[in-house]
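Student: Let me give you the structure first, and then I'll get to my questions.
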Amino acid sequence: MLRVVLIVLFALAMTMATGPGVLLVNRPATVFGIPAVYAWGVGWYFVLVAIALVASRRYWRVSAKRLGETVEDRERGESS
Amino acid sequence: MTAPWVAQAAVEAGPIPAIVLGGYLLMLLVIGWLGYRRSRAGEEDYYLAGRDQGWLISTLTIIATFLSSFALMGAPGMVYREGVVFALVSLNAPVAGFAIYLLGSRIWRAGKERGYLTQADMICAHYDNSSLLRGLVVLVGLLFAIPYVMMQIQAGGNLAAVLFGDGDRRAFEIGAIVLASITAVYIMIGGMRSVAWTDAIQCVLLLGGMFLAGAAMIAAFGGPGRFAEAVAALPETSLTVPGTTGQWRWPFLFSVCLLMPLGAILQPAQWMRFYSARNPETLRRGAVIFIVVVAGAYLFGIMPVGLGGQALYPLQRTEAGGVAPAAEVGEFDQILVVVLQRQLPELCGETLGVVLSSLFVVAVMAASMSTADSNLHALSAVLTRDVYERALRPRASEAERVWVGRIVILLATAAALVFVLVGGRTESLQGFMRMIVDLALFAVAFSVQLLPITVDVLFLRRGTTWGASAGLLAGIVCAFLFTPLFGALVSAVAPQETSWLFALQRFVGDCRAVLPVHATAWGLLANVLIFTVVSAITPRHTSARSGRL
Chain A
1 MLRVVLIVLF ALAMTMATGP GVLLVNRPAT VFGIPAVYAW GVGWYFVLVA IALVASRRYW
61 RVSAKRLGET VEDRERGESS
Chain B
1001 MTAPWVAQAA VEAGPIPAIV LGGYLLMLLV IGWLGYRRSR AGEEDYYLAG RDQGWLISTL
1061 TIIATFLSSF ALMGAPGMVY REGVVFALVS LNAPVAGFAI YLLGSRIWRA GKERGYLTQA
1121 DMICAHYDNS SLLRGLVVLV GLLFAIPYVM MQIQAGGNLA AVLFGDGDRR AFEIGAIVLA
1181 SITAVYIMIG GMRSVAWTDA IQCVLLLGGM FLAGAAMIAA FGGPGRFAEA VAALPETSLT
1241 VPGTTGQWRW PFLFSVCLLM PLGAILQPAQ WMRFYSARNP ETLRRGAVIF IVVVAGAYLF
1301 GIMPVGLGGQ ALYPLQRTEA GGVAPAAEVG EFDQILVVVL QRQLPELCGE TLGVVLSSLF
1361 VVAVMAASMS TADSNLHALS AVLTRDVYER ALRPRASEAE RVWVGRIVIL LATAAALVFV
1421 LVGGRTESLQ GFMRMIVDLA LFAVAFSVQL LPITVDVLFL RRGTTWGASA GLLAGIVCAF
1481 LFTPLFGALV SAVAPQETSW LFALQRFVGD CRAVLPVHAT AWGLLANVLI FTVVSAITPR
1541 HTSARSGRL
């Protein structure tokens, strides 16, 4: 379930930050002194970083270990 | 009227920039020699550093290969021209980071299990060793690597033009030749180990340069408050989508942000970095660091330089209705170097300012050279392994192939250098080659065409050899038609409105008007369509039937 949430969130972040979503803030205004379009991009950057951290801890760590072990086992089998 | 914070003229730099640059270039040659001393005989060591690169060196070399002169000269140059819209392109970095783990770990596994060295090794092993497909994969490698190396050489020239020649052509050409020569020499000496070691140092330098450039720009205005004030006063087109020239409408921006990073990750040099990693954990750590650091360096470091640059040196309107850089800047891509060279001595005093601006120059050189060396090194592997060994001399010894690889590096460097020098003097190509970002986008338009095949080989395994070849060919041709180079060539070769090339160009223009996405997306669309249709009507190849990777 979390995997699906992360994928959907990633698609949403890219669509909002660099796709049609950017039109929602497309004004020459500023937010805390930063141009609104720029601040919008910075906000979605933090969302993407959060997705990467969760995916890395919850899924990639396990799959990297499994992938490495599979190759090692195969190499050991071939050498013996 | 000039703003009060604009330094009026460049300070006389004296010999300091030449000394700092000379020291840096000498250090690279020493590392090349050290890499040579640590190397063992054989292709696997020369091209993949024995498939044993740890997470730190792997991460740094992946980042350094990704961040080229695009990051330090191209991106601020494009923000200077277009405004805040191009800052959003920073978000292409997380896409690349995700691809590093999701594609890279599987590519690593295939390489480790079967001893692959190049992209074509893996792809063609899956598709029945098709010679046609191998040729097309090699062509994609060439179409990516040559413009990318050209882009780095051009940055070296731009740098020299600002530093030593007050923007003149002769200084540009000498700078381009020096950068190309030194890069070629240390790769030829030490192979992958030298490339990775120099990349690691260059990565630290260029990331430091990106963050410091942003800080220096804000300091030049007297603090964040005054910087924000100056930026808020920029014209409305500089603060909104689609930017100053109107080129960056959201479909274009979206296609670039999604596909450019995938093209950059599927380039031959990065592919070989996945093979050379010690294990998938190396790539997992690398991916996370990449996402946090690279996008952060863009957003908080280098992009504000372009915005501040617009406030310092306002854009000029041309008679044709376009925009031009301020006279003091010369070219859009030179904004960072001009700003630092003029502002730092004002901020920090003459000597310290010149030393710091020279260090920034070294950071730009590092960005350019770390990408040029990786691409030249990968190109050498591709041409030696996939062309020389397969088609010309199948019985060549490993030692012979390594030497051929070195000669390839020399020839490829010379070719890229000639293109830069001749292209800069050819009027019809000047527009196409003017901006570093345009050259980068041209290169990734081809490398991204490997995406459907890569996904099929690693995950789906439904395509056929004919489908893969036809799709890739269609993708390359279609992407080329939508690049600015096609338009430039048509106007040079067939300027008459009656020619079929002219009609084709007009058709491409009509398509672009309907769907204003980048050439990468047009190529990919044709590629996926043809790949799917041809795979559905042609027989599956033997390796796919057996489920082999």
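Heads up: the sequence lines are chains A and B, in that order. Count the first sequence with our numbering and you get residues 1 to 80, in order. Count the second sequence with our numbering and you get residues 1001 to 1549, in order. For every residue, glycine included, the Cβ atom is placed at its ideal position computed from N, Cα and C. As the structure is a computational prediction, the values presented were derived from the model and not from experiment.
If you drop the 5 nearest sequence neighbours on each side, which residues of the same chain put their C-beta closer than 7 Å to that of threonine 1465 of chain B?
Tutor: The residue given as residue 1465 of chain B occupies position 465 in the second sequence. Contacts found: Tyr1127, Asp1128, Ser1130, Leu1133 and His1541.
Student: Inspect the beta-carbon positions of alanine 64 of chain A and proline 1280 of chain B and report whether they are closer than 7 Å.
Tutor: Mapped onto the first sequence, residue 64 of chain A falls at position 64. Mapped onto the second sequence, residue 1280 of chain B falls at position 280. Result yes, Cβ atoms of alanine 64 of chain A and proline 1280 of chain B sit closer than 7 Å.
Student: Distance check for alanine 1233 of chain B and alanine 29 of chain A, CA to CA, integer angstroms please.
Tutor: Counting from one through the first sequence, the residue named residue 29 of chain A turns up at place 29. Counting from one through the second sequence, the residue named residue 1233 of chain B turns up at place 233. Roughly 10 Å separates the two Cα atoms.
Student: Between the stretch 1275-1289 of chain B and chain A, which residues of the former have a C-beta closer than 8 Å to a C-beta of the latter?
Tutor: Per Cβ criterion, the list reads Asn1279, Pro1280, Glu1281, Leu1283, Arg1284, Ala1287 and Val1288.
Student: So that I know if they touch, is there some Cβ in chain B lying closer than 7 Å to that of tyrosine 38 of chain A?
Tutor: Position 38 of the first sequence, counted from the start, is the residue given in the question as residue 38 of chain A. Yes, tyrosine 38 of chain A counts as interfacial toward chain B.
Student: Would threonine 1384 of chain B and arginine 1401 of chain B qualify as a contact pair, given that the criterion is a beta-carbon distance under 7 Å?
Tutor: Counting from 1 along the second sequence, the entry for residue 1384 of chain B is found at position 384. Counting from 1 along the second sequence, the entry for residue 1401 of chain B is found at position 401. Cβ distance < 7 Å, so threonine 1384 of chain B and arginine 1401 of chain B count as in contact.
Student: For chain B, find out if any of its Cβ atoms is closer than 7 Å to the Cβ of leucine 2 of chain A; answer yes or no.
Tutor: Taking the first residue of the first sequence as position 1, residue 2 of chain A is located at position 2. Closer than 7 Å: no.
Student: At 7 Å on the CB atoms, spell out the chain A contacts of tryptophan 1250 of chain B, in chain order.
Tutor: Residue 1250 of chain B sits at position 250 when you count from the first residue of the second sequence. Those are Gly19, Pro20, Val22 and Leu23, listed as they occur along chain A.
Student: Give a yes or no on contact between the stretch 1104-1122 of chain B and the stretch 1081-1091 of chain B, applying the rule of three or more CB pairs nearer than 8 Å.
Tutor: No, they do not touch.
Student: Anything in the stretch 1097-1129 of chain B with a Cβ closer than 9 Å to a Cβ of chain A? List those residues in chain order, please.
Tutor: The stretch 1097-1129 of chain B vs chain A, Cβ under 9 Å: Gly1097, Phe1098, Tyr1101, Leu1102, Ser1105, Arg1106, Trp1108, Arg1109, Lys1112 and Glu1113.
Student: Measuring only between beta-carbons, confirm whether tyrosine 59 of chain A sits less than 7 Å from chain B.
Tutor: As a first step, residue 59 of chain A is located in the first sequence; it is residue number 59 there, counting from the start. Not an interface residue.
Student: If you measure from the beta carbon of phenylalanine 1254 of chain B to each beta carbon in chain A, is any gap under 7 Å?
Tutor: Mapped onto the second sequence, residue 1254 of chain B falls at position 254. At least one chain A Cβ lies under 7 Å of phenylalanine 1254 of chain B.
Student: Please state whether DSSP places alanine 1324 of chain B in a helix, a strand or coil.
Tutor: Here the question's residue 1324 of chain B lines up with position 324 in the second sequence. Correct three-state label for alanine 1324 of chain B: strand.
Student: Just how far apart, CA to CA, sit leucine 1485 of chain B and leucine 1417 of chain B?
Tutor: Numbered from its first residue, the second sequence carries residue 1485 of chain B at position 485. Numbered from its first residue, the second sequence carries residue 1417 of chain B at position 417. Looking at the two C-alpha atoms, the distance is approximately 18 Å.
Student: For chain A, find out if any of its Cβ atoms is closer than 7 Å to the Cβ of glutamate 1082 of chain B; answer yes or no.
Tutor: One-based indexing of the second sequence puts residue 1082 of chain B at position 82. By this cut-off, glutamate 1082 of chain B is not an interface position.
Student: Is any beta-carbon of chain A found at less than 7 Å from that of valine 1339 of chain B?
Tutor: Along the second sequence, one-based indexing puts residue 1339 of chain B at 339. By this cut-off, valine 1339 of chain B is not an interface position.
Student: So, using beta-carbon positions, are isoleucine 1146 of chain B and valine 1137 of chain B closer together than 7 Å?
Tutor: Here residue 1146 of chain B refers to the residue found at position 146 when the second sequence is read from its first residue. Here residue 1137 of chain B refers to the residue found at position 137 when the second sequence is read from its first residue. No.
Student: So cysteine 1257 of chain B contacts chain A; which residues on that side make the cut at Cβ distance below 9 Å?
Tutor: Translated into positions along the second sequence, residue 1257 of chain B becomes position 257. Within 9 Å Cβ-Cβ: Met14, Ala17, Thr18 and Gly19.
Student: Can you find a CB in chain A that lies within less than 7 Å of the CB of proline 1094 of chain B?
Tutor: What you label residue 1094 of chain B is simply residue 94 of the second sequence in a count that begins at 1. Yes, contact with chain A.
Student: Below 9 Å on C-beta distance, what does valine 71 of chain A contact in chain B?
Tutor: Taking the first residue of the first sequence as position 1, residue 71 of chain A is located at position 71. Within chain B, the residues near valine 71 of chain A are Trp1108, Arg1109, Lys1112, Glu1113, Asn1279 and Pro1280.
Student: Can you give me the Cβ contacts of valine 1323 of chain B inside the same chain, cut-off strictly under 8 Å, excluding the 5 residues immediately before and after it?
Tutor: Along the second sequence, one-based indexing puts residue 1323 of chain B at 323. So the qualifying residues of the chain are Arg1081, Thr1244, Thr1245, Leu1315, Gln1316 and Arg1317.
Student: Round the Cβ separation of leucine 1091 of chain B and alanine 1295 of chain B to the nearest angstrom and send it over; I've been treating them as touching at under 8 Å.
Tutor: Your numbering for residue 1091 of chain B matches position 91 in the second sequence. Your numbering for residue 1295 of chain B matches position 295 in the second sequence. Contact flag correct, Cβ pair sits at about 6 Å.
Student: Would you verify that the beta carbon of alanine 64 of chain A is, or is not, closer than 7 Å to some beta carbon of chain B?
Tutor: Taking the first residue of the first sequence as 1, we reach residue 64 of chain A at position 64. Closer than 7 Å: yes.
Student: Determine whether the Cβ of serine 79 of chain A lies closer than 7 Å to any Cβ atom of chain B.
Tutor: In the first sequence, counting from the first residue as 1, residue 79 of chain A sits at position 79. By this cut-off, serine 79 of chain A is not an interface position.
Student: Could you tell me how far apart the beta carbons of valine 1020 of chain B and serine 1358 of chain B are, in whole angstroms, since I believe they sit closer than 8 Å?
Tutor: Indexing the second sequence from 1 puts residue 1020 of chain B at position 20. Indexing the second sequence from 1 puts residue 1358 of chain B at position 358. The Cβ separation is near 4 Å, so the contact holds.
Student: Give me the Cβ distance between phenylalanine 1211 of chain B and alanine 52 of chain A, rounded to the nearest whole Å; I'm assuming they're in contact under 8 Å.
Tutor: Within the second sequence, residue 1211 of chain B is the residue found at index 211, counting from 1. Within the first sequence, residue 52 of chain A is the residue found at index 52, counting from 1. With 8 Å as the limit, phenylalanine 1211 of chain B and alanine 52 of chain A do not qualify as a contact, their Cβ atoms being about 20 Å apart.
Student: Whose Cβ in chain B lies nearer than 7 Å to the Cβ of valine 49 of chain A?
Tutor: Here residue 49 of chain A is taken as the residue at index 49 of the first sequence, counted from 1. Those are Ile1291 and Val1292, listed as they occur along chain B.
Student: Enumerated in chain order, which unbroken segments of the beta strand (DSSP E) with a length of 3 residues or greater are wholly contained in the stretch 1488-1516 of chain B?
Tutor: Complete beta strand (DSSP E) runs here, min 3: none at all.
Student: Say whether the stretch 1366-1380 of chain B touches the stretch 1267-1274 of chain B, bearing in mind that this needs 3 or more beta-carbon pairs closer than 8 Å, one atom from each stretch.
Tutor: Segments in contact, yes.
Student: Of all Cβ atoms in chain A, is any one closer than 7 Å to the Cβ of methionine 1210 of chain B?
Tutor: Along the second sequence, one-based indexing puts residue 1210 of chain B at 210. So, not an interface residue.
Student: Give, in chain order, every residue of the stretch 1212-1239 of chain B whose Cβ lies closer than 9 Å to some Cβ of chain A.
Tutor: Residues passing the 9 Å Cβ filter: Pro1224, Gly1225, Phe1227, Ala1228, Glu1229, Val1231, Ala1232, Leu1234, Pro1235, Glu1236, Thr1237, Ser1238 and Leu1239.
Student: Answer with yes or no whether the minimum CB distance from leucine 1549 of chain B to chain A is below 7 Å.
Tutor: Locating residue 1549 of chain B in the second sequence gives position 549, where the first residue counts as 1. Unreliable positioning characterises leucine 1549 of chain B in this predicted model, as indicated by a pLDDT of 48, which lies under 50. The coordinate reading is nonetheless provided below. Taking Cβ atoms only, chain A never reaches closer than 7 Å to leucine 1549 of chain B, which makes this a no.
Student: Just mark alanine 1009 of chain B as buried or exposed, buried being the case when its beta carbon has 16 or more other beta carbons within 10 Å.
Tutor: Taking the second sequence and counting its residues from 1, one reaches residue 1009 of chain B at position 9. Caution applies to alanine 1009 of chain B, whose pLDDT of 47 falls short of 50 and renders its modelled position unreliable; the value that the coordinates give is listed next. Alanine 1009 of chain B comes out exposed.
Student: Going by C-alpha to C-alpha distance, which of B:Gln1152, B:Met1078 and B:Leu1102 sits closest to methionine 1550 of chain B?
Tutor: Residue coverage of chain B in this structure runs from 1001 to 1549, which leaves residue 1550 of chain B outside it and unanswerable.
Student: Using a Cβ-Cβ cut-off of 7 Å, state whether alanine 1087 of chain B counts as contacting chain A.
Tutor: Locating residue 1087 of chain B in the second sequence gives position 87, counting from the first residue. It does; some Cβ of chain A falls within 7 Å.
Student: Is there a Cβ from chain A that is less than 7 Å from the Cβ of valine 1241 of chain B?
Tutor: Numbered from 1 along the second sequence, position 241 holds the residue referred to as residue 1241 of chain B. Yes, valine 1241 of chain B lies at the interface with chain A (some Cβ there is under 7 Å from its Cβ).
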